[in-house]
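Enquirer:
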Amino acid sequence: ATVGGIVSDATSALIPGVTITATNVATGIVISVISNEAGAYQFASLQTGTYTITAELPGFRTQTFNNVTLGISQQVRLNFALQVGSVEQEVQVTAAADLTIATTSASVGTVLPEYRVRDLPLGGRNVMDLLGTTAGAGPTSGGPGLEGYFSGGRLSMVNTTRDGFVVSDGRYNFGAFSATFTSPDLVEEVRVITANVDAEAGRGSGQVQMVTRSGTNRFRGSAFWTNRNSALDASNWFNNFNGARKNYENRNQFGIRLGGPIIRNKTFFFFLVDEQRDIFRETFVGPVLTEQARQGIFRFFPGVDNQNATQISPTVDRSGNPVKPANATGDLQQFSVFNRDPFRPGFDPTGFMQKVMLSRMPLPNDYTMGDGLNTAGYRWTRRINGLELNQGNGYDINRDQINTRIDHNVNASHKLSFVYTYEHDLNNAENAGIPQWPGGYYGDNYKWPMVANFSLVSTLSSTVVNELRVGYRRTKQYSWAPFFAGRQSESEETGEKGKEAYALLPKSNGVPFGVVTTLFPNNFMFWAAADGATRVQTSPLETYGDTISFTKATHAFKVGGEVRTGRSNAGNDSNFYPLASLGPGGAAIQGIDNIAIPGLTGNNQTTARNLLTDLSGSINQIAEAFDLRSSKDLVFRGYDQGVKFRRRDHRNKEFSGYLKDAWKVRPSLTLNLGIRYDYYSVPWEANGLFGRAVGGEKGLCGISCGAPTVIELVGKNSPNPGRQIWNDDWNNFAPSFGLSWSIPWFGKDRTVLRAGYGWSYPGNPMFGTAIRDVAGSVPTVQAGSTNTGLFHTQAAYLSLANISLPIPLQYAPLQPVPLDGVRNDVMQGAADNRVTPYVQNF
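In this text, residue positions in the sequence shown follow my numbering: the first is 5, and each later residue adds one.
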């Protein structure tokens with residue numbers, strides 16, 4: 005926060021040499037400045053809190069403003085009018101608690117002070133949920149943060165900071181979001197700016213600014229525990245309809261905080277431990293086969309489709325007993341799906357379907373799903389020990405978090421501050437794998453976000469203040485499929501349950517693969533989770549900044565710069581662990597149709613054929629991915645060569661600089677003038693594996709423009725370091741202008757007019773899907789698409805018994821895809837002249 009103003013006497017003559025003192029009521033820290041030849045003074049950097057501000061000069065009465073409460077980045081104007089008298093005589097002035105009239109910033113927003121953050125009810129104790137209560141912000145989403153728009157702009161244009169350092173996610177565009185959990189016990193104030201007119205606050209038209217609590221001269225602390233239990237919740241309509249118990253949830257949030265002095269009036273500490281445990285038990289219905297169907301016996305009523313107990317013309321009741329529909333042309337019939345097709349005479353000859361799948365399949369107890377006679381459901385209570393979302397922004401999670409802040413006043417001229425937050429989460433996650441049958445295998449999801457920052461504020465003279473800032477934010481998340489569960493890093497060994505699940509996988513030439521059936525695709529293991537189940541990402545951000553503030557006459561200048569180096573080293577299993585989807589493949593099914601079996605409808609025919617392909621292990625297609633590992637080694641490698649997921653190490657650099665002036669034209673009029681410059685480098689891949697079409701955007705046209713699309717590697721560490729996925733944008737200059745005028749006609753300092761206009765450049769897209777799709781996963785750099793591998797089918801019969809891995813490669817690295825080759829790849833690219841978007845606020 006900054007405080008400045010003009011010192012004058014009773015005749016409005018300006019007074020230089022006045023000592024202005026700001027005393028922090030909570031810590032006792034005293035800071036002094038002296039008014040200059042124009043009678044102006046400026047406190048360039050004050051910690052948030054409540055102050056007593058005093059003006060003293062021999063021959064004049066001392067004037068004091070009490071209870072001056074300063075918030076995050078607040079700009080306050082306090083003018084002193086000294087009266088002739090002795091220093092011992094004092095004039096006391098009590099400032100308004102929110103200093104609404106005295107604030108000189110032209111930016112528009114909402115301030116949530118400590119008492120509001122503390123007192124407003126929060127079901128999840130997440131401060132970010134309060135953002136939805138502010139004007140101009142969108143509604144809250146299903147997880148922490150907002151969704152939709154923020155003051156008319158995209159959420160990606162919101163800059164979220166704590167203590168001046170970015171705390172938003174390092175990979176995904178969550179916008180108004182904090183990578184570490186932010187509880188009411190952690191922050192002292194939240195400021196939401198929906199129309200930014202300030203050269204100092206860049207990287208977005210919207211700003212969410214928070215400040216960490218700090219210690220004071222008094223020891224203060226609290227212990228907290230909140231519990232959310234489903235015993236106090238209502239059940240849902242479907243549970244009531246099915247006579248099922250409501251889902252059970254027991255969430256406990258607990259912790260302790262303490263702050264106080266290490267050395268009174270000099271060194272202070274704050275410490276917070278924040279924990280959460282969440283256990284969820286839900287009623288879940290998983291797909292299973294009926295007792296007859298798992299023997300290969302298909303049942304049906306002639307002339308009608310099989311329907312479960314909840315459909316219009318059910319063929320079973322709720323207990324699974326056959327019910328003849330009125331329009332059926334005959335009684336219940338059955339036939340064996342085996343010994344009708346020459347390629348599929350019986351059960352899977354490898355024994356996988358019987359020994360692994362069917363042996364773990366429970367008998368049905370719910371006939372409200374499937375067709376009732378052959379496919380049904382198994383209703384059971386599924387336990388989830390913390391549920392993380394796909395991108396690491398879940399609410400119902402298990403969390404361990406520690407926070408600390410140390411403030412040290414070296415002397416009257418130098419102040420140090422250090423803030424640290426570390427979090428460790430271990431949970432289940434849908435994308436990692438949650439079983440649909442009892443006794444199945446769970447995947448694991450680990451998360452380790454961390455924030456640390458250091459600042460040094462130095463008063464170099466009565467008119468010059470320097471602030472040095474260094475910060476580090478890291479988001480780190482590892483999600484492991486069930487057969488890799490129990491490990492926290494790539495170097496660790498898989499846990500016992502993970503080894504047990506891995507042993508069940510079928511293998512071909514030493515390569516394990518998943519099996520996705522048609523009638524019960526996910527079962528004791530979440531097989532489809534092979535598409536992205538295992539994913540790892542570490543996304544650090546380093547920040548280095550410095551700001552110099554100085555006053556000259558009635559001008560309060562501030563000039564600053566910041567350098568940021570960002571990175572996201574991530575990988576995911578997009579079928580590097582192959583996936584075999586069961587089905588007819590190239591050998592059409594024979595002997596199951598309404599000619600061979602009179603009265604068999606089209607839908608029943610499809611179900612019967614699916615039953616045959618599932619039980620016989622007939623493969624429709626295989627998905628497997630291959631990848632390059634370096635621009636210097638142009639060879640596709642797959643699981644058999646140790647490549648278990650696609651990995652890209654995205655990098656970028658940013659620089660910003662600004663100059664602004666709070667010009668006190670008159671005691672009642674302040675002009676805020678500024679210019680900001682932002683440079684966002686074009687992202688690159690550390691191993692030179694960013695690809696684009698030769699010729700840039702024109703090369704995307706492909707054979708339609710006369711020649712197949714050819715991919716080249718571009719950017720740093722590639723064979724073409726002078727080319728990039730798009731061109732540099734160097735002219736991101738953002739002016740800002742604002743005024744604050746205390747209108748004299750309605751009483752002194754009772755009405756203020758504020759107006760402003762400014763630009764803001766929000767920056768590049770995040771490292772997640774945007775950059776990945778445009779440059780990191782282009783065809784012929786990766787053999788496969790963004791989320792899946794190459795699809796292999798063959799004209800001859802393919803099954804679990806004759807599968808051969810790895811599958812044949814369909815094209816060579818960086819070579820045009822043959823015209824008669826795979827046609828299902830998607831290619832994206834960026835416009836060559838892409839520029840950084842900007843927003844105008846006024």
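Beta carbons are placed, not taken as given, at the ideal position from N, Cα and C, and that holds for glycine.
Could you please give the first and the last residue of the uninterrupted beta strand (DSSP E) stretch that includes Tyr119?
Expert: What you label residue 119 is simply residue 115 of the sequence shown in a count that begins at 1. That residue, Tyr119, is in no beta strand (DSSP E); its alpha helix (DSSP H) goes 118 to 123.
Enquirer: If distances are taken between C-alpha atoms only, which option among Val520, Gly290, Lys328 comes closest to Arg303?
Expert: Start at 1 with the first residue of the sequence shown, and residue 303 comes out as number 299. Ranking Val520, Gly290, Lys328 by Cα distance to Arg303 puts Lys328 first.
Enquirer: Can you name the start and end residues of the beta strand (DSSP E) that Lys501 belongs to?
Expert: Within the sequence shown, the letter at position 497 stands for residue 501. Careful: Lys501 lies outside any beta strand (DSSP E), inside the alpha helix (DSSP H) at 500 to 507.
Enquirer: For Asp102, count the other beta carbons within 10 Å of its own beta carbon; 16 or more makes it buried, fewer makes it exposed. Which is it?
Expert: Counted from its first residue, the sequence shown places residue 102 at position 98. At Asp102 the pLDDT is 47, less than 50, meaning the model places this residue with poor confidence; the figure from the coordinates comes in the next sentence. Exposed.
Enquirer: Could you check where the beta strand (DSSP E) with Phe302 kicks off and where it finishes?
Expert: The sequence position of residue 302 within the sequence shown is 298, counting from 1. It spans 301 to 304 - the beta strand (DSSP E) in which Phe302 sits, taken as one unbroken run.
Enquirer: Whole beta strand (DSSP E) runs in the stretch 666 to 751 with 3 or more residues, listed along the chain?
Expert: DSSP runs (the beta strand (DSSP E)) wholly in the stretch 666 to 751: 673 to 684, 694 to 697, 715 to 718, 737 to 746.
Enquirer: Just to confirm my understanding: we take Gly549, look at its own chain, exclude 5 residues before and 5 after, and list those with CB closer than 7 Å. What are they?
Expert: The residue labelled residue 549 in the question sits at position 545 within the sequence shown. Only Arg473, Gly564, Gly565, Glu566 meet the Cβ criterion.
Enquirer: In whole angstroms, give me the CA-to-CA distance for Ile623 and Leu583.
Expert: For this step, residue 623 is matched to residue 619 along the sequence shown. For this step, residue 583 is matched to residue 579 along the sequence shown. When rounded, the distance between both Cα atoms is 10 Å.
Enquirer: In terms of alpha-carbon separation, which member of Thr354, Val22, Asn246, Asn256 lies closest to Gly233?
Expert: Start at 1 with the first residue of the sequence shown, and residue 233 comes out as number 229. First, the residue type needs correcting, since residue 233 is Asn and not Gly in the sequence shown. Out of Thr354, Val22, Asn246, Asn256, Asn256 has the C-alpha closest to the C-alpha of Asn233.
Enquirer: At 3 residues or longer, and completely inside the stretch 249 to 273: list those beta strand (DSSP E) runs for me, N to C.
Expert: Runs found: 252 to 267.
Enquirer: Measure the CB-CB distance between Phe272 and Thr558 and report whether it falls below 8 Å.
Expert: Working through the sequence shown from its first residue, we reach residue 272 at position 268. Working through the sequence shown from its first residue, we reach residue 558 at position 554. Their beta carbons are not under 8 Å apart, which means Phe272 does not touch Thr558 by this criterion.
Enquirer: Starting from the C-beta of Val839, find all residues in its chain whose C-beta is less than 6 Å away, skip the five residues before and the five after it, and write them out in chain order.
Expert: Here the question's residue 839 lines up with position 835 in the sequence shown. Answer for Val839: Asp733, listed in chain order.
Enquirer: Any chance you could list the alpha helix (DSSP H) runs of at least 4 consecutive residues sitting entirely within the stretch 563 to 625, in chain order?
Expert: Complete alpha helix (DSSP H) runs here, min 4: 606 to 620.
Enquirer: With a CB to CB cut of under 6 Å and the five nearest residues on each side skipped, what residues in its chain are close to Ile747?
Expert: Position 743 of the sequence shown, counted from the start, is the residue given in the question as residue 747. Excluding sequence neighbours, Ile747 sits near Thr755, Leu757.
Enquirer: Going by DSSP, name the residue or residues bridged to Trp384.
Expert: The count along the sequence shown starts at 1 and reaches residue 384 at position 380. Beta-bridge pairing links Trp384 to Phe288.
Enquirer: Is the Cβ-Cβ distance between Arg403 and Glu279 less than 8 Å?
Expert: Against the sequence shown, residue 403 aligns to sequence position 399. Against the sequence shown, residue 279 aligns to sequence position 275. In this structure, Glu279 lies closer than 8 Å to Arg403 by Cβ.
Enquirer: Sorted by chain position, which residues of the same chain lie with C-beta nearer than 6 Å to Phe846's C-beta, five sequence neighbours on each side aside?
Expert: As a working mapping, residue 846 is identified with position 842 in the sequence shown. So the list reads Tyr761, once near-sequence residues are dropped.
Enquirer: Pick out whichever of Arg409, Pro510, Val308 has its Cα sitting closest to the Cα of Lys359.
Expert: Translated into the one-based positions of the sequence shown, residue 359 becomes position 355. Ranking the options by Cα distance to Lys359, first place goes to Pro510.
Enquirer: Can you tell me whether Val170 is helix, strand or coil according to DSSP?
Expert: By 1-based counting over the sequence shown, the position of residue 170 is 166. Looking at Val170 - three-state DSSP - the assignment turns out to be strand.
Enquirer: Is Trp452 helix, strand or coil when you go by DSSP?
Expert: Within the sequence shown, numbered from 1, the residue matching residue 452 stands at position 448. The answer is coil: DSSP assigns Trp452 none of H, G, I, E or B.
Enquirer: Is the distance from the Cβ of Leu604 to the Cβ of Leu293 below 8 Å?
Expert: The residue labelled residue 604 in the question sits at position 600 within the sequence shown. The residue labelled residue 293 in the question sits at position 289 within the sequence shown. Contact flag unset, no.
Enquirer: Since Leu677 and Lys664 are thought to touch, with beta carbons under 8 Å apart, how far apart are those beta carbons, to the nearest angstrom?
Expert: For this step, residue 677 is matched to residue 673 along the sequence shown. For this step, residue 664 is matched to residue 660 along the sequence shown. Right, the Cβ-Cβ distance comes to about 7 Å (below 8 Å), so this counts as a contact.
Enquirer: Kindly list the residues whose CB is nearer than 6 Å to the CB of Glu658, restricted to its own chain and excluding five residues on each side of it in sequence; keep chain order.
Expert: Position 654 of the sequence shown holds residue 658. Correct list, in chain order: Arg568, Tyr684.
Enquirer: Check this for me: beta carbons of Phe530 and Gly437, under 8 Å apart or not?
Expert: As a working note, residue 530 is residue 526 in the sequence shown. As a working note, residue 437 is residue 433 in the sequence shown. Contact: yes.
Enquirer: Could you tell me which residues DSSP puts in a beta bridge with Gln481?
Expert: In the sequence shown, the residue the question calls residue 481 occupies position 477. DSSP output for Gln481 lists Lys451, Gln541 as bridge partner(s).
Enquirer: Can you tell me whether Thr314 is buried or exposed, with buried defined as 16 or more other CB within 10 angstroms of its CB?
Expert: The count along the sequence shown starts at 1 and reaches residue 314 at position 310. Counting Cβ neighbours within 10 Å, Thr314 comes out exposed, since fewer than 16 surround it.
Enquirer: If you count every other CB in all the chains shown that lies within 10 Å of the CB of Glu427, and 16 or more means buried, which is it?
Expert: Here the question's residue 427 lines up with position 423 in the sequence shown. Buried, because 16 or more other Cβ atoms sit within 10 Å of the Cβ of Glu427.
Enquirer: Nearest CA to the CA of Asp167: which residue from Ser49, Gly788, Asp123?
Expert: For the purposes of this step, residue 167 is identified with residue 163 of the sequence shown, where counting begins at 1. Cα-wise, what sits closest to Asp167 is Ser49.
Enquirer: Would you tell me roughly how many angstroms separate the C-alpha atoms of Ser12 and Tyr45, rounded to the nearest one?
Expert: Here the question's residue 12 lines up with position 8 in the sequence shown. Here the question's residue 45 lines up with position 41 in the sequence shown. For Ser12 and Tyr45, the distance between alpha carbons rounds to 11 Å.
Enquirer: May I ask which residues mark the beginning and end of the beta strand (DSSP E) holding Trp229?
Expert: What you label residue 229 is simply residue 225 of the sequence shown in a count that begins at 1. Residues 224 to 233.
Enquirer: Quick check on Gly751: buried or exposed, where buried means 16 or more other Cβ atoms within 10 Å of its Cβ?
Expert: Along the sequence shown, read from residue 1 onward, the residue named residue 751 stands at position 747. Exposed, since its Cβ has fewer than 16 Cβ neighbours within 10 Å.
Enquirer: Taking the straight line between their C-alpha atoms, what separation do you get for Ala248 and Thr287?
Expert: Here residue 248 refers to the residue found at position 244 when the sequence shown is read from its first residue. Here residue 287 refers to the residue found at position 283 when the sequence shown is read from its first residue. One C-alpha to the other measures close to 8 Å.
Enquirer: Return the residue from the list Asn721, Ala805, Leu794, Ala834 that minimises the CA-CA distance to Asn768.
Expert: Position 764 of the sequence shown, counted from the first residue, corresponds to residue 768. Selected option, being the one with the closest Cα: Ala834.
Enquirer: Can you say whether Asp535 is buried or exposed, counting buried as having 16 or more other CB atoms within 10 angstroms of its CB?
Expert: Taking the first residue of the sequence shown as 1, we reach residue 535 at position 531. With a pLDDT of only 49 at Asp535, under 50, the local geometry of the prediction cannot be trusted, and no value is derived from it.
Enquirer: Hey, would you say Tyr482 sits closer than 8 Å to Ser495, going by beta carbons?
Expert: As a position in the sequence shown, residue 482 is number 478, starting the count at 1. As a position in the sequence shown, residue 495 is number 491, starting the count at 1. No, the pair does not count as a contact, with Cβ atoms beyond the cut-off.
Enquirer: Between which residues of its own chain and Leu675 is the CB-CB distance below 7 Å, once the five residues before and five after are set aside?
Expert: Position 671 of the sequence shown, counted from the start, is the residue given in the question as residue 675. Contacts found: Trp667, Val669, Leu743.
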